[in-house]
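Structure first, then comments.
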Amino acid sequence: MTTTRRSWTLQQRLVGGLLAVLASVSLIVGVVSVGVFYAQSMAGAESSLREAMQRATLAYRSQIWPTAGDTAGILRSVGQSAGTLAAIVPDDAPPNAAYIAGVGSGVLPLPQSVATDLAAVPDDGRAHVIDPVPKLGQYLALVERQKDGSNSAVVLAIPLTRVNNDAVTLAITITCVALFAIALAWWFGRMLVARALVPLRRVTATAHDVSQLPLAHGSVSLPAGVVVTDPATEVGQLGTAFNRMLGHVASALTDRERSEQKVRRFVADASHELRTPLASIRGYAELTRTHGQELSEDSRRAIERIESESVRMTELVEDLLLLARLDEGRELRREPVVLNDMLHEVIADAQVAGPDHHWVADLPDAVVTVPGDEPRLRQVMVNLLANARTHTPSGTRVTVRLEQANGTARVTVTDTGPGIDVSVRDTLFERFVRADASRSRRAGSTGLGLAIVHGVVQAHHGAIHVQSEPGNTRFVVELPLA
C-alpha cells in the first residue's frame, strides 16, 4: 500500500526554513566556540605543564630533597598541583612513577605499568595527551631529557579533567541556549509569518468563494475583492493583481450576461411574433384544402406539405419560446402533481403513438406527489418516451419505473435499444443536438426535446442523469417530493 506524502504549507516551509538556518548557524557557532575554547584551554594547560616541568627539573638538578633522585622529590617541589604525575626514566634502571594524590594526601607511588606508559611518551619536545590511568582520566604529558651526564629523562603530566569539563559545560550551555533560541524563533516566527500571510488567506478564501459561484449562466455577483494593506510587498502585489483579475472577470460576465439577455429576448420576441403568421399559414392551407373547388394532385400534395411543415415549425417556435422563458427564470406554477396518474396517461399515449414498441409500466401502489407545473412535467415525460420511441427500432422494450426514497421521487425510463452514440453523450441535453449524424428530420425531431427536459427539471430543482450502453439506456429524473 502506497502512502501519499503530505505537502508542507507555505507557513510551515517558511518557519521550517527559518529554524533550519538558525539551527545550522547555532551548530556552526557552537562547534567553533567549543573548538576555540578547547584549543585555548589546551594552550594554557601546556603552558602550565612547561612551568611545572621547569620546577621539576630544577628540583631534580638541585637535589634539594634527600631523595632528589626519586620521583617523589620532583613532585614535592613548590608549586606542583594536585593530580600531577611524574616519572624518572634512567638509562640503566626501570622507570618509577608517582603522583600527588591531593591536598593532605602527599605523594603516592604508581604501579610499574603506569611508569612504563609514562616512559613511552615520545621525547620530541611537544606535549602529548595520554591516558595512563583510566580512572584518573586524560593527562597532558611532556618529556625532558636531563643533561647531567646520566642521560635520564623526566616525564611530567598534569590532568585535563578541568579542561574537558569546562569544554563539556560550554557545549551544554551553547546547546541549551540554541534550543531556547530555536523554540523562541519558532514561536515568534510562526506568529509573524501567520500575520504576514493573512492577506494571502483572504485571497484564497475569496478565490474559493468565486469557485463556488455558478458562473456558467445567469447574472453573477462577484465578491468585492480583498483588502490590500501594503501594495509594495509580494503578498500585496498578489492581492492587487487578484482584485484586478476579479474586475476583468466581472466585466466579462456582465458583458456575457447582457449578450445572453439580448439573445433570449430576441428568441422570445421572434418566437412570439412567429406564432401569428404560422397560424395564418396553417389556417389558409386548411382553408384551401377544404375549399370546394377541385385541386390537382400536385396542388393537394403541396398544400398538405405546407400544413405539415407549418405544424412542425409551430412546435419548434413553441419549444424555443418555452426555453426562452426558462432561461429568463420565470417562476413555474407550484401545485401538487400526482406522478402515478400522469405516467399512466403518458404511457397510454405512447402505446398509441408507438404500437410497435413494448411498453412496460412499473408504478408503485403508493401515491407519489411532487410540487410543480403539471403541463411542464407532463411534457418532460412525453419527451422522454418520444425520444425512446424515435431512436429505437421496432420491438424495443421501454420500461417506465417510479419510486421514491430519501425525499426524492425518481422516474426511470429504460429501453433496450442500440444506445446513445458516445460522440453526442456529453452534449445530449444541449439544444439542436441529434443522435443521427445526418441530422435527418424524418422523425420530426427538432433537437430541442431533451433540452426542454433538462430545463424543466432544473426549474423544478431536480436533476436528470443518463447512462447508456448497447441494449440498456436509462434516463433518470429526480424531483423533490411535496
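Note that my numbering has the sequence shown beginning at 1476, numbered continuously upward. Positions of the beta carbon are idealized from the N, C-alpha and C atoms, including for glycine.
From what residue to what residue does the alpha helix (DSSP H) around residue i run?
{"i": "GLU1820", "result": "1814 to 1828"}
{"i": "GLN1664", "result": "Note on identity: in this sequence residue 1664 is Gly, with Gln being the wrong assignment. That run of the alpha helix (DSSP H) goes 1636 to 1671."}
{"i": "LEU1892", "result": "Contrary to the premise, residue 1892 reads as Gly rather than Leu in this sequence. That residue, GLY1892, is in no alpha helix (DSSP H); it is neither H nor E in DSSP."}
{"i": "LEU1923", "result": "Here LEU1923 belongs to no alpha helix (DSSP H), and DSSP marks it neither H nor E."}
{"i": "VAL1899", "result": "1897 to 1900"}
{"i": "VAL1589", "result": "1587 to 1594"}
{"i": "LEU1690", "result": "Premise fails: LEU1690 is in no alpha helix (DSSP H) and is neither H nor E."}
{"i": "ALA1547", "result": "1546 to 1550"}
Could you give the first and the last residue of the continuous beta strand (DSSP E) run that contains residue i?
{"i": "TRP1834", "result": "1833 to 1837"}
{"i": "ARG1620", "result": "1614 to 1620"}
{"i": "LEU1583", "result": "1581 to 1584"}
{"i": "LEU1560", "result": "1560 to 1564"}
{"i": "VAL1701", "result": "Premise fails: VAL1701 is in no beta strand (DSSP E) and is neither H nor E."}
{"i": "GLY1577", "result": "1571 to 1577"}
{"i": "VAL1604", "result": "1603 to 1605"}
Taking residue i as the reference, which of the options has the closest Cα?
{"i": "ASN1640", "options": "GLN1587, MET1528 and VAL1509", "result": "VAL1509"}
{"i": "LEU1585", "options": "GLU1878, LEU1667, THR1765 and THR1546", "result": "THR1546"}
{"i": "VAL1897", "options": "PRO1868, VAL1821, HIS1929 and GLN1942", "result": "GLN1942"}
{"i": "VAL1638", "options": "VAL1511, LEU1728, ASP1566 and MET1720", "result": "VAL1511"}
{"i": "VAL1842", "options": "ARG1776, THR1559 and GLU1878", "result": "GLU1878"}
{"i": "LEU1814", "options": "ALA1716, GLY1558, ARG1876 and GLN1555", "result": "ARG1876"}
{"i": "ASP1567", "options": "GLY1612, ALA1628 and VAL1553", "result": "ALA1628"}
{"i": "ALA1699", "options": "GLY1554, PRO1689, ALA1680 and TRP1483", "result": "ALA1680"}
{"i": "LEU1690", "options": "VAL1668, LEU1721 and GLN1712", "result": "LEU1721"}
{"i": "GLY1870", "options": "GLU1849, HIS1832 and ASP1837", "result": "HIS1832"}
{"i": "GLY1664", "options": "VAL1608, LEU1489 and ALA1926", "result": "LEU1489"}
{"i": "THR1891", "options": "SER1588, VAL1951, VAL1589 and PRO1868", "result": "PRO1868"}
{"i": "VAL1701", "options": "LEU1688, HIS1683 and GLN1687", "result": "HIS1683"}
{"i": "LEU1903", "options": "HIS1929, ALA1534, ARG1885 and VAL1886", "result": "HIS1929"}
{"i": "GLY1758", "options": "ARG1733, GLU1784, ARG1740 and SER1771", "result": "GLU1784"}
{"i": "ASP1816", "options": "MET1856, PRO1830 and ILE1781", "result": "MET1856"}
{"i": "TRP1661", "options": "GLN1529, GLY1492, THR1648 and GLN1587", "result": "GLY1492"}
{"i": "ILE1575", "options": "ILE1781, GLN1555 and VAL1821", "result": "GLN1555"}
{"i": "VAL1517", "options": "HIS1603, MET1528 and VAL1596", "result": "Strictly speaking, residue 1517 in this sequence is Met, with Val absent from that position. Here the closest residue by C-alpha is HIS1603."}
{"i": "GLU1849", "options": "ALA1594, SER1501, VAL1652 and VAL1821", "result": "VAL1821"}
{"i": "ARG1949", "options": "ARG1872, VAL1652, ARG1731 and ARG1776", "result": "ARG1872"}
{"i": "PRO1565", "options": "LEU1593, GLY1577 and SER1552", "result": "LEU1593"}
With distances taken between CB atoms, is the gap from residue i to residue j smaller than 8 Å?
{"i": "GLU1453", "j": "LEU1615", "result": "Absent from the structure is residue 1453, since the part of the chain shown begins at 1476 and ends at 1957."}
{"i": "ALA1754", "j": "ILE1778", "result": "no"}
{"i": "GLN1486", "j": "LEU1659", "result": "no"}
{"i": "PRO1634", "j": "LEU1611", "result": "yes"}
{"i": "GLY1847", "j": "HIS1940", "result": "no"}
{"i": "ALA1954", "j": "GLY1937", "result": "In the sequence under discussion, the amino acid at residue 1954 is Leu, which differs from the Ala named in the question. Yes. Within cutoff."}
{"i": "ASN1947", "j": "THR1889", "result": "yes"}
{"i": "ALA1642", "j": "TYR1513", "result": "yes"}
{"i": "VAL1952", "j": "VAL1886", "result": "yes"}
Excluding the five sequence neighbours on either side, which residues of its own chain have a C-beta within less than 6 Å of the C-beta of residue i, listed in chain order?
{"i": "ALA1912", "result": "Confidence is the limiting factor: at ALA1912 the pLDDT is only 42, short of 50, which leaves the residue's position unreliable and the question unanswerable from this model."}
{"i": "GLY1544", "result": "Because the pLDDT of GLY1544 is 49, which lies under 50, any placement of that residue in the model is unreliable, and the question is left without a value."}
{"i": "PRO1541", "result": "Confidence is the limiting factor: at PRO1541 the pLDDT is only 38, short of 50, which leaves the residue's position unreliable and the question unanswerable from this model."}
{"i": "ASP1840", "result": "none"}
{"i": "ILE1781", "result": "ALA1760"}
Within a Cβ cutoff of 7 Å, which residues of the same chain sit near residue i, ignoring the five residues on either side of it in sequence?
{"i": "THR1591", "result": "PRO1570"}
{"i": "VAL1724", "result": "LEU1697"}
{"i": "PRO1945", "result": "PRO1893 and GLY1894"}
{"i": "ARG1525", "result": "LEU1617"}
{"i": "ARG1851", "result": "LEU1807 and VAL1931"}
{"i": "ALA1573", "result": "THR1546, ALA1547, LEU1550, ALA1561, VAL1582, LEU1583, PRO1584 and LEU1585"}
{"i": "ILE1539", "result": "With a pLDDT of only 47 at ILE1539, under the threshold of 50, the placement of this residue in the model should not be trusted; the figure read from the coordinates follows. For ILE1539, where only same-chain residues beyond five positions count, there are no Cβ hits under 7 Å."}
{"i": "PRO1811", "result": "THR1844, PRO1846 and ALA1957"}
{"i": "GLY1882", "result": "PRO1955 and LEU1956"}
{"i": "ARG1740", "result": "none"}
Could you please give me the residues that DSSP links to residue i through a beta bridge?
{"i": "THR1883", "result": "ALA1880 and PRO1955"}
{"i": "GLU1761", "result": "According to DSSP, which records beta bridges pairwise, GLU1761 is partnered with nothing at all."}
{"i": "GLU1779", "result": "Bridge partners of GLU1779: none, in fact."}
{"i": "PRO1846", "result": "PRO1811"}
{"i": "GLU1944", "result": "ASN1947"}
{"i": "THR1715", "result": "None, per the DSSP bridge assignment."}
{"i": "VAL1873", "result": "TRP1834 and ASP1890"}
{"i": "ILE1633", "result": "LEU1615"}
{"i": "ALA1628", "result": "VAL1564 and ARG1620"}
{"i": "ILE1939", "result": "VAL1952"}
Excluding the 5 residues flanking residue i on each side, which residues of the same chain have their C-beta closer than 8 Å to its C-beta?
{"i": "ALA1828", "result": "ALA1861 and ARG1864"}
{"i": "THR1715", "result": "VAL1703 and PRO1706"}
{"i": "ALA1646", "result": "GLY1505 and VAL1509"}
{"i": "HIS1819", "result": "ALA1836 and LEU1838"}
{"i": "LEU1494", "result": "ILE1657, ALA1660, TRP1661 and GLY1664"}
{"i": "ALA1527", "result": "GLY1554, GLN1555, SER1556, THR1559, LEU1631 and ILE1633"}
{"i": "GLY1711", "result": "PRO1674, VAL1703, THR1704 and ASP1705"}
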